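Presented below is the structure to which this report refers.
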Amino acid sequence: MVDIKKIISEVSSKAGPLSSFRITHDSQTNQIEPVYYWILDFVRDAGFDVKKIVDNFMTTPGSGHFDEFGRKRGTLQEKISTYLGAINQVMKSVINLLYDLKEFEIRLKHYDKAKSEKKEEKEAGMLALKQIWMDNVDIKKGRGSINQMSFELGFTTLRDAFMVSNSIEDVKKNEVLNEQVKRILIPRLSEFLEWKDLSEKELRNRFEIEKNYLRNQVETIKLYTSWISPYLKALEQLNQKGNENDPSLVNAFSTSIFELTILGEKKIKPQSISNFNKLFPDYIPSRDYYSCVLISFNYRGHYSQRVSQKGDMAFGFGGKVNITFDSYTLNSEELSLIKKMFEDKKVEEGITFFEKTTKQSLDTLKDDLEHFLGDEKKKKEEKEKKSEEDINPFSALFSIFSNLFIPSKKEKKKIEKPEDIRKDNYIEEIIRDNAANEAKSFLYTVYDVYKKAHQMPSSPENFDF
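Here the working numbering is used: the first residue of the sequence shown is 1, the next is one more, and so on.
What follows is the structure, given as structure tokens:
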């Protein structure tokens, strides 16, 4: 399990929390929901931006909670398997379409070369098309095909004459061929030229049709993915984690353990600090400072069934909850790095099922999909860019002068590790100290008001921080 307190201590300039409090109470009718929402609403109402950063649970096989989660997981798994089956079918269709489009693209290149103004390219394109026509169309004539007549019936010059002739005039002007070969060659060449025009038109139509169909299939995958994602996320959240080796979890007992942690952040405005504007009237902060409260809930409860006086079955939760309150002061760079490190740790501990099963296959097809479906988008963008350049011929000149007279913004240094965060200067230390006082004061307020609101003994005045 990821320890958020350890990460904060590694990043923050202060080694540990500024102040800490703890509340523990145990009751047979105690539930975590009222406790959690009371504190959550109190912190929010005080102006803190609250985020949930830890949400783990474990339940024993002998618990009624385990059966309830099992039924929910089963329903989700059925939905997921249905959608995955549909996605697999569409993926197969996409793969077949990509193979077809690649073949069409190779064939269409021959037609493009046959229309080229360069003599070598045009000759190569025509030879390739003639070979395709003989192998796929003319061969159906059997012994009457050009290949068969050349090799079996003694027309040895027929095949070579067909390959070098590109028009009826070429055949008629060829003095090497006798009249018998010309009578056979003229209708065959005429048939080839007609096939070349018709097949190109049909092939280009099929190419566009299959491209559109591929686009529809990709959109279908996106649609199925949007449908399956909530189920996958819910299934991941229903997976138990965090306390596998806790001795409180005995398989035969009806026990559940919940872990929740929330982080509240409140930005400190330097202008709100006493005499700050007088002392530093021209100060412009380069980074923000926050008063932060970290509140953790650890709940161990039991899910029980009771028979009411009417004979009905009643279900209830009861147990023990430990609440830990910690205060910190962090700047924006420290806060960003803490969140990044925390997310990285969570990814290292477990990757979701969806990422493991689909990421590799989608990455493999990405280049092909971009090649066939991204052409129109790319051409459109290039056209718009070109039109903008044509409309504004002085844009390049203006950009030169703008770079001269407008100060360039320095790129912010990327924060990858705690050592990349610079130390506070004198003014920032004042802001941090003020943020620390507010964090400690508010943390005690939460602790004190909660205890008094729930009829628990509390200190008549603030503790000495």
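We treat Cβ as the ideally placed atom computed from N, Cα and C, and that holds for glycine.
Just so we're clear, the structure is a prediction, and the values are computed from it rather than from any experiment.
- Under the DSSP assignment, V54 falls in the beta strand (DSSP E) whose first and last residues are 49-59.
- The Cβ atoms of M126 and N166 sit closer than 8 Å to each other.
- By the 16-neighbour rule on beta-carbons within 10 angstroms, E219 is exposed.
- Residue pairing from DSSP places T324 in a beta bridge opposite R22, S296.
- In the displayed model, H371 falls within a helix according to three-state DSSP.
- Residue nearest to L279 within the set A439, S459, I427 is I427 (criterion: CA-CA distance).
- By the CB criterion at 8 Å, T75 and F66 fall outside the cutoff.
- In the displayed model, L260 falls within a strand according to three-state DSSP.
- In this structure, I32 keeps its C-beta atom at 8 Å or more from the C-beta atom of Y450.
- In the three-state reduction of the DSSP assignment, K122 falls in the helix class, which pools H, G and I.
- According to DSSP, L330 shares a beta bridge with Y290.
- Under the three-state reduction of DSSP output, K266 falls in the strand class.
- Relative to the Cα of K6, the nearest Cα in the group L198, I338, K414 belongs to I338.
- In the three-state DSSP reduction, T255 falls in the strand class (E or B).
- Rounded to the nearest whole angstrom, the CA to CA distance from T157 to E105 is 33 Å.
- Take the alpha-carbon of K115 and the one of N136: they are about 22 Å apart.
- The beta carbons of Y290 and L330 sit closer together than 8 Å.
- According to DSSP, S27 shares a beta bridge with G319.
- A straight-line Cα-Cα distance of about 37 Å links T445 and F69.
- A check of alpha carbon separations from Y111 across Y447, D49, K130 identifies K130 as the nearest.
- Taken through DSSP and simplified to helix, strand or coil, H454 comes out as coil.
- About 18 Å separates the beta carbons of F207 and L365, which is beyond the 8 Å limit, so they are not a contact pair.
- The Cβ atoms of I53 and I4 lie closer than 8 Å to each other.
- The beta carbon of N322 sits closer than 6 Å to those of T24, N298, all from its chain and outside the five residues before and after it, given in chain order.
- Within the same chain, and ignoring the five residues on either side of S27 in sequence, the residues whose Cβ sits closer than 7 Å to its Cβ are G318.
- In this structure, L294 keeps its C-beta atom at 8 Å or more from the C-beta atom of D344.
- The continuous alpha helix (DSSP H) containing Y37 extends over residues 32-45.
- By the CB criterion at 8 Å, L153 and I168 fall outside the cutoff.
- Annotation for L235: R73, L76, Q77, I80, F353 place their beta carbon closer than 8 Å to its own, counting only its chain and skipping 5 residues before and after.
- In the DSSP assignment, E152 falls within the alpha helix (DSSP H) that extends over 146-152.
- Residue environment analysis places S274 among the exposed positions, since fewer than 16 neighbouring C-beta atoms fall within 10 angstroms of its C-beta.
- Looking from the CA of E10, the closest CA among K440, K122, Y328 belongs to Y328.
- Note that the C-beta distance between L369 and F21 is not below 8 Å.
- Residue state for G85 is assigned as helix, using DSSP reduced to three classes.
- Annotation: W195 to R204 spans about 14 Å, alpha carbon to alpha carbon.
- Annotated three-state conformation of G16 is coil, per DSSP.
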